[in-house]
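Beneath this line is the structure, given in C-alpha cells, with notes to follow.
2 protein chains.
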Amino acid sequence: MRVFGSYSRGFLSGSALSLSCCAVWYGLLSPPGLRCERPHLSDSNLPVSSVVDTDHSLEDIHQLDTSREILKYGVPDRGPVVRSYSGHALAYDQARRVPVWVAEHLTPDSVVGPAHRKHSKFKPDPNIPAMFSAQNKDFLQSGGWSRGHMAPAGDFKHSQAAMNSTFYLTNVVPQNYENNAGYWNRFEIFCRDLTRSFSDIRVFTGPLFLPNVVEGQKKYVKYEVIGESTVAVPTHLYKLIVAENNSSDQKAVGAFVVPNEPLGFDHKLTEYQVTLEALEGMTGTTFLPLINQTKLVDLCTVDTCQLLSAQKFELHVLSSRLRNAKNREKLDKIWSELESKKLVPDTFITEIYEKKRKEFEIKEKQKSEL
Amino acid sequence: MRVFGSYSRGFLSGSALSLSCCAVWYGLLSPPGLRCERPHLSDSNLPVSSVVDTDHSLEDIHQLDTSREILKYGVPDRGPVVRSYSGHALAYDQARRVPVWVAEHLTPDSVVGPAHRKHSKFKPDPNIPAMFSAQNKDFLQSGGWSRGHMAPAGDFKHSQAAMNSTFYLTNVVPQNYENNAGYWNRFEIFCRDLTRSFSDIRVFTGPLFLPNVVEGQKKYVKYEVIGESTVAVPTHLYKLIVAENNSSDQKAVGAFVVPNEPLGFDHKLTEYQVTLEALEGMTGTTFLPLINQTKLVDLCTVDTCQLLSAQKFELHVLSSRLRNAKNREKLDKIWSELESKKLVPDTFITEIYEKKRKEFEIKEKQKSEL
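Quick note, the sequences are listed as chains V and B, same order. Taking our numbering, the leading residue of the first sequence gets 365, the next gets one more, and so forth. Taking our numbering, the leading residue of the second sequence gets 365, the next gets one more, and so forth.
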C-alpha cells in the first residue's frame with residue numbers, strides 16, 4: 365500500500381463531522397432574505413445538500429431515485445456552502461485548507477471602536493475537522509509566508525468578538541510578508557476609507573490559483589503547499605468591492621486581482637482591476653446572484669481608486685504605533701522618528717500623540733503622588 | 365485595467381444562472397432517503413445553500429442576521445452540491461472546469477445491455493454556464509490529453525440515455541491517452557467485473573491535484589491547464605469503491621490514487637491503494653457520511669484486486685473489436701491477429717466470433733438470394 369504524504373492515519377477511519385446544519389434559501393423578491401429551516405433531527409451529523417437535476421423535468425423523479433441509490437451512503441460532504449461568524453461569512457476549501465471567499469459588510473460605524481488585535485490570537489477554526497484544517501505551525505515553519513487575513517482584523521473595531529473570529533485560520537491564507545504589510549495593507553485601508561463616501565460596503569476577499577508558468581506552448585498553474593497540512597499558497601489574491609449609499613440605487617463595483625508577492629509603491633490599484641465576469645471565471649463563482657445588474661457602475665469612475673501614498677502610509681503606520689505605545693519614552697521616540705523622516709504630521713496623528721502624552725503625564729503624576 | 369487571459373468579456377456582466385434547484389436532506393434513520401422540497405418560486409435563479417453557524421447556539425440568530433446583511437446580494441454561487449443525471453451523479457468544480465467527484469451504482473444488470481458508445485458524443489454539459497464549462501476544442505487542440513470519462517461509458521450498457529450523459533464534459537478530465545486506454549481501462553474493467561462477486565458496487569471517481577514538484581525544502585503542486593477554458597489537467601485520478609452483497613451487512617471498501625501518466629503492466633493496483641481517510645484528506649471530501657464505519661473491510665482482502673494481465677487485456681480489446689466488426693473480412697482479420705499473437709481464445713471470445721460469423725453468413729446468403 366502506497367502512502368501519500370502524511371495522510372494515512374488508520375485504515376478506513378472516516379472523519380465524523382458533527383455540524384449543526386441549516387438550509388438557507390434566498391428569496392427572489394425584495395428584500396432578499398434568509399429562510400432558515402432546520403431538519404427536525406437533534407443529533408444531526410447530516411450533510412445538507414442541494415441537488416440539480418440536470419436532465420429534464422419529466423425524468424426528475426426517476427433521477428432523484430437513481431441518485432438516492434447511487435448516494436445511498438450520503439452526499440459526499442465538502443463542508444457547508446456558507447460558514448457564518450460574528451462579523452463575517454465564508455466558504456472554505458477543505459482540500460486546499462484556505463477559504464474560497466470571505467465576505468464582510470463595512471459601515472462607517474463598524475470600522476471604528478475599541479477592539480484591538482492584541483486581544484486576538486490566530487488559531488485553527490474549531491468548526492473545521494482537524495484533517496481539513498490548517499495549523500499555526502504550518503505557517504510558522506514555512507519560512508516565508510505570513511498568516512494573511514482575508515477579512516481584515518482592522519475592519520471589526522466595533523466588536524472584539526467579531527475581530528477575534530477573523531483570526532480563525534479559515535479566514536487566513538499564506539501571504540507574502542511584504543505584500544501583507546505593504547500593498548495589501550494599503551488596499552485594506554482603501555476599503556475602510558470608502559466608509560467616508562459610502563454608507564454600505566460589501567467586500568469579498570479570497571485566494572486565487574492562476575496559470576503562472578509558461579513552457580513552450582503549454583501553460584501551468586504552480587503553487588507551493590506548506591506544512592504538514594499542505595496549505596495551498598495562492599498565486600494571487602482578489603477583492604470584490606460593492607459600495608453604495610442608502611440614498612441611491614446605484615452600486616459601485618470593483619474587482620481586483622493582486623499577485624501574492626512584494627509590490628512596493630509603484631503599482632496603481634487600477635493596474636490590478638479586472639471585470640466582475642473575469643473574476644467569476646477565475647474563481648468559478650457567481651458572487652452577486654441577486655444584484656440588479658443594470659444599477660452597477662465601475663467603482664473607479666466614482667472613486668479615485670488610489671491607495672495611500674508612501675508618505676501617508678508611513679504616517680498611518682506611525683499613528684498605529686503611537687496608539688499602541690506603552691510609555692512616554694516610547695511615545696516620544698516614535699514621534700521623533702516622524703520628525704527625523706521629515707513626515708508632516710496631520711491633525712489626526714497630532715491629536716493621537718497629544719492625547720496619549722496627556723494620559724502618560726496623568727499616570728506619572730498619580731504614581732509620584734502615591 | 366489589466367486583463368487576465370481570455371477572461372474579460374464585457375464589464376460587470378454577471379452570468380445568469382438559470383437552475384432548477386431542490387434542496388435535499390439525508391435522513392439519519394434507515395433507509396436513508398432523499399426529502400426534496402422545492403421553493404415555491406417558478407422563475408428560480410436562486411442559489412440553494414447551506415449555512416453553518418460556526419459560533420455557538422445563543423448567537424445563531426444574530427449571526428444569521430449578520431450573514432443576511434453581508435450576503436444581501438445572495439450567497440456566492442459555485443453551482444449545486446450535487447448534479448444528478450440518468451445514471452450518475454456528480455459535483456463539479458466551476459473554477460477548474462472538471463468534476464470533483466462522479467458517483468455511480470453498478471449492479472450485475474446495469475453493466476450489460478445493448479447501449480453502445482458509437483451512439484454517444486462528447487459535448488459540453490448544457491447545465492453548466494459557458495464561462496464555467498470545458499469545450500471539446502480545449503481537448504482537441506491540447507495535443508496530448510484525451511477526454512477521460514470519470515463514470516465510464518462501459519458501465520451503462522443497460523441504458524443508452526445513461527451512457528450518453530456520461531459524455532457530457534462534466535464527467536470528463538484531461539487524461540493521458542496511454543493511461544486512459546491502458547491502465548485506467550483495466551481498472552474500469554476490474555470495477556465492472558466486481559459485479560460477478562457483489563450485488564451492489566458504488567464507485568466515486570475524480571481528479572486530484574497533488575504535490576508533485578520538490579525544490580529544496582519546498583513542495584509544489586504543478587498542473588497544466590488546457591484550451592481557452594483553462595481546463596485543469598489532474599496530476600492523479602482516484603477511485604473509491606464500495607462493494608457489498610445484499611446478503612450481508614459487510615461492505616468492502618477500496619480507495620486508489622493513480623498517477624495521470626502511462627503506467628504499463630508492471631504496476632499492481634494495490635501499489636496505488638490508500639486509506640479512505642487519506643483520500644478524504646487529499647480531496648477535502650467526506651465521501652460516505654452515512655455509512656456504518658464498523659462494517660467496513662478492505663476490498664483487497666476479500667478480492668484479489670488484480671487487474672487483467674496483458675494477455676487477458678489484449679483478448680478483451682480484441683473481443684470488443686470483434687463485436688464491432690462491420691463485415692466478415694474484418695472479423696476474420698481480427699481473428700487472425702489473435703492467432704498471430706498466440707493469444708489463447710477463451711469460450712467468451714470464441715462465442716462472439718462464431719455468433720458474428722454466422723450473422724455475416726446469413727446476411728451474405730440473403731444478399732446473394734436477392
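The beta carbon of each residue, even a glycine, is placed where N, CA and C say it ideally should be. Note that this is a predicted model, so its numbers are computed, not measured.
Within the model, the alpha-carbon separation for I590(V) versus V578(B) is close to 12 angstroms. Closer than 9 angstroms at the C-beta level to chain V, one finds these residues of the region 431–445 of chain B: S431, R432, E433, I434, L435, K436, Y437, G438, V439, P440, D441, R442, G443, P444, V445. Between R566(B) and C555(B), the alpha-carbon positions lie close to 9 angstroms from each other. Look at the region 509–523 of chain V: it has no residue with a C-beta under 8 angstroms from a C-beta of chain B. Using a Cβ distance threshold of 8 angstroms, F620(B) and K603(B) count as a contacting pair.
Rounded to the nearest whole angstrom, the CA to CA distance from Y449(B) to A526(B) is 7 angstroms. Boundaries for D710(V): no alpha helix (DSSP H) harbours it, and the DSSP string shows neither H nor E there. Chain-order list of chain V residues neighbouring K586(B): V577, Y584, V585, K586, Y587, by C-beta distance under 9 angstroms.
Scanning chain V for C-beta atoms nearer than 8 angstroms to the C-beta of W465(B) yields P440, reported in chain order.
Cβ neighbours of H469(B) within its own chain (closer than 6 angstroms, five residues either side excluded): R566. Given a length threshold of 4 residues, each whole run of the alpha helix (DSSP H) inside the region 640–667 of chain B is given here in chain order: 640–647, 663–666. Of K632(B), V606(B), K583(B), the smallest CA-CA separation from D502(V) is found for K583(B). Between V445(B) and the set P653(B), P623(B), P488(B), L454(B), the nearest pair of CA atoms involves L454(B). A498(V) has a beta carbon lying at 8 angstroms or more from every beta carbon in chain B.
Not a single C-beta of chain B is nearer than 8 angstroms to the C-beta of A616(V).
For H680(V), the enclosing alpha helix (DSSP H) has its first and last residue at 674–688. Here K482(V) is exposed: its Cβ has fewer than 16 other Cβ atoms, across all protein chains shown, within 10 Å. Per DSSP, A619(V) is not a residue of any alpha helix (DSSP H); the beta strand (DSSP E) it occupies stretches across 615–623. Around T594(B), the beta-carbon contacts reaching into chain V at under 8 angstroms are P575, K583. In the DSSP assignment, E588(V) is bridged to Y584(B). Comparing alpha-carbon positions, the option among E678(B), A498(B), K719(B), F712(B) lying closest to L702(B) turns out to be E678(B). Per DSSP, F568(V) is not a residue of any alpha helix (DSSP H); the beta strand (DSSP E) it occupies stretches across 564–572. If you compare the alpha carbons of L601(B), E552(B), V708(B), T559(B) with that of Y636(B), the shortest gap goes to L601(B).
Looking at the backbone, the Cα of L572(V) and that of Q581(B) are separated by about 23 angstroms. A Cβ of chain V is located within less than 8 angstroms of the beta carbon of T649(B). At a cut-off of 8 angstroms between C-beta atoms, P653(B) counts as an interface residue with respect to chain V. Below 8 angstroms, enough C-beta pairs join the region 527–536 of chain B and the region 481–496 of chain B to call them touching: three or more. Taking 8 angstroms as the Cβ-Cβ cut-off, the region 603–637 of chain V approaches chain B at V606, V617, V621, T634, E635, Y636, Q637, given in chain order. Counted as a single uninterrupted DSSP element, the stretch harbouring E579(V) is not any alpha helix (DSSP H) but the beta strand (DSSP E) occupying residues 577–579. Between G477(V) and chain B, the shortest Cβ-Cβ separation is not below 8 angstroms. Contact annotation for D457(V) against chain B: G648 [CB-CB distance below 9 angstroms, chain order].
For the pair of segments examined, the region 687–699 of chain B was found not to touch the region 641–660 of chain B: the number of CB pairs separated by less than 8 angstroms stays below three.
For F568(B), the residues of chain V that pass the 9 angstroms Cβ criterion are P440, in the order they occur in the chain. The C-alpha of S474(B) lies about 14 angstroms from the C-alpha of E552(B). Counting along the chain, E468(V) sits inside the beta strand (DSSP E) bounded by residues 462–470.
Here R560(V) is exposed. Its C-beta has fewer than 16 other C-beta atoms within 10 Å.
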